[in-house]
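In this text, residue positions in the sequence shown follow our numbering: the first is 1165, and each later residue adds one.
From the three backbone atoms N, C-alpha and C, an ideal C-beta is built for every residue, glycine too.
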Amino acid sequence: LGWKEREIDDMKSVCLISPSSPFLIDDKVFPPLGLLYVGRELKYRGIPVTVHDGATADIPEGYDVYGISVTTSQFPQAKEILHHIRQFPGKPRVIVGGPHATVDPDSCINSGFDAVVMQAGESSLPIVLEHGCRIIDTPYTKHIHPDRSLINLKDYHYDIDGRPATSVMTTRGCPYQCGFCCKINKKVKVFSSDFVLDELRELRDVYGYKAFMMFDDIFIVDPNRLIVILDEIKKWDIYWRGFVRADIVVKNGLEMAKRMAESGCREVGMGIETGSNKILKIINKGEDADTLKKGIAILKEAGIRVKGFLIVGLPSESPETIEETRQFLHTSGLDDVDFSLFTPYKKTNIYDNKDKFDINWDTLDLNHLFYKGTPGQYESQVWTSTMSRTDLVNARDMLENEFKHWKIRGKQ
Ligand code: B12
Ligand code: SF4
């Protein structure tokens, strides 16, 4: 684009918006980090910016540009916000970014947004502000931390074993190719240990946090980086929680798991998905049930609790595979479980190759495109050759009733 880093001549004021998520029990658990990265870059360029994470009626008027962050499940809310802003005087421009814009830019253009930003907003929003592109797709190249001063962090409430905690992202993207998972980053980027520790220090010293939620797809993906981070934070008396893959836990071994525990790791989340080896293969999980159990056992031996995330209604789900999942759970050693219904998102292998799988769906209802919501309000979008939508909802509820013994403490 021949664009070089400089201040934008025609200074525009920007209001960044996080839509509500009415299907969640509480949508004020974690701050909208994506917008805080974008906001940091705009501030750095001297552009007046504010972040709005509240009711649509309270969106402030008077900004030149409004930028909305959207996941697929929030798309209906984002369109309502667009119509709301269209009533504002001065015809401000409305730009959309976030995971849904990245996987389905056409739906955003067709709904009337002025511009669509795919992938890294911190790199491309300044370009859009200056050049007025319609669709722009830029990978992550910048090394910046999110600007948490743009919001009141204390409005968000999450805790790890009684300590107030907040979320951190130390990587972008994931090198694995699970068939149900949305590829929103084309490349994987792992931030250096120094860069990560700087951000954690800021959270500890400026904001007073003594607990962190590492929201990376796989925080432990690089063992060399992990060791440096763990050896430093073990001196801090902090708690942390993060997401792991069982095969990496097995590869890293018991010593690494013990180091994680010594550094304050209280609990990890692990994608189990299903107890059926047949389905694990179909979804290209890259792990079998034995590896999942080995990973859980290593973490438990090190003194770390393990919460398993499971999905009901993956391709080829049947009464037999549900039973395999039950058997797996009985012997898994998991401390906590979470059951979602499979929801097909664009830019996933299953969505793009529906005909190759034993799975079906009609036109997807955008108002129900979430896989975890308020209990009692689940609806399945999909069915398989042996299980109807109702069968899948019933199977999810049955598994939850049998295995969910911890009380709900948050959304994920
Ligand atoms: C943390 C997280 C959550 C938190 C949300 C916390 C919060 N307030 O943001 C919780 C647990 C609540 C959650 C819930 C859900 N999540 Co979630 N979540 C994530 C996760 C792991 C990290 C998000 C994050 O902070 N990323 C870091 C930032 C830097 O990236 P980013 O948000 O994409 O933002 C960058 C760009 O997208 C862009 N950008 C973003 N917004 C904007 C706006 C503008 C104007 C511009 C220009 C650019 C721009 O620039 C940003 C900086 O680079 C992602 C996976 C991932 N690795 O990203 C899944 C992910 C976003 N979640 C997903 C899903 C499906 C859900 C749920 C629907 C699950 C459910 N319950 O059914 C809900 C929906 C919640 C909602 N509000 O919509 C999917 C979304 C897929 C899709 N097609 O939209 C993802 C991608 C996981 C996946 N791979 O499938 N989630
Ligand atoms: S489910 Fe987890 S491991 Fe699989 S591709 Fe998605 S983020 Fe990566």
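Secondary structure note for A1453: its alpha helix (DSSP H) is the uninterrupted segment A1453 to A1466.
The ligand B12 has no heavy atom closer than 6 Å to the beta-carbon of M1377. Taking C-alpha positions only, T1236 is separated from E1481 by approximately 24 Å. When secondary structure is reduced to three states using DSSP, Y1201 falls in the helix class. Within the stretch 1335 to 1388, the beta strand (DSSP E) runs of at least 3 residues that lie entirely inside it are, in chain order, 1375 to 1378. Checking the 6 Å criterion, the Cβ of D1381 is within range of a heavy atom belonging to the ligand SF4. For E1437, the enclosing beta strand (DSSP E) begins and ends at C1429 to E1437. With contact defined as three or more Cβ pairs closer than 8 Å, the stretch 1198 to 1214 and the stretch 1307 to 1326 are in contact. Between S1177 and D1222, the C-beta gap is not smaller than 7 Å, which leaves the two residues out of contact. Of F1503, K1415, P1508 and G1435, the smallest CA-CA separation from I1462 is found for K1415. With a cut-off of 6 Å, the C-beta of Y1340 is classified as near the ligand SF4, since at least one heavy atom of the ligand falls inside that distance. From the listed residues Y1340, N1565 and I1402, the smallest Cα separation to L1361 is found for I1402. Within the model, the alpha-carbon separation for P1479 versus D1380 is close to 26 Å. For the ligand B12, a non-hydrogen atom lies closer than 6 Å to the CB of S1237.
Residue nearest to P1508 within the set A1284, C1345 and G1439 is C1345 (criterion: CA-CA distance). If the five residues before and after G1285 are omitted, its C-beta is found closer than 6 Å to the C-beta atoms of V1202 and G1261, all from its own chain and listed in chain order. Bounds of any beta strand (DSSP E) do not take in S1185, whose DSSP letter is neither H nor E. Placement of the Cβ of M1333 at a distance of less than 6 Å from at least one heavy atom of the ligand B12 is found. In the DSSP assignment, L1293 falls within the unbroken alpha helix (DSSP H) covering G1285 to H1295. L1563 sits close to F1503, with the two beta carbons spaced by under 7 Å.
Relative to the ligand B12, even the nearest heavy atom lies 6 Å or more away from the CB of V1178. For Y1515, no beta strand (DSSP E) segment is defined; the enclosing uninterrupted segment is the alpha helix (DSSP H) at N1513 to D1516. DSSP places R1257 in the uninterrupted beta strand (DSSP E) bounded by R1257 to G1261. The ligand SF4 has no heavy atom closer than 6 Å to the beta-carbon of C1297.
Per the C-alpha coordinates, the member of A1375, D1386 and Y1340 positioned closest to V1354 is D1386.
If you look at D1301, you'll find it in the beta strand (DSSP E) that goes I1299 to T1302. The three-state secondary structure of I1486, taken from DSSP, is helix.
Taking C-alpha positions only, E1426 is separated from R1298 by approximately 49 Å. Here F1506 is near V1546, since their CB atoms are less than 7 Å apart. Sequence-distant Cβ neighbours of D1217 in its own chain, meaning closer than 7 Å and more than five residues away, are S1182, P1196 and I1315. Counting only residues of its own chain and dropping the five nearest sequence neighbours on each side, R1430 has a CB closer than 8 Å to the CB of I1324, D1325, Y1403, W1404, R1405, I1468 and R1469.
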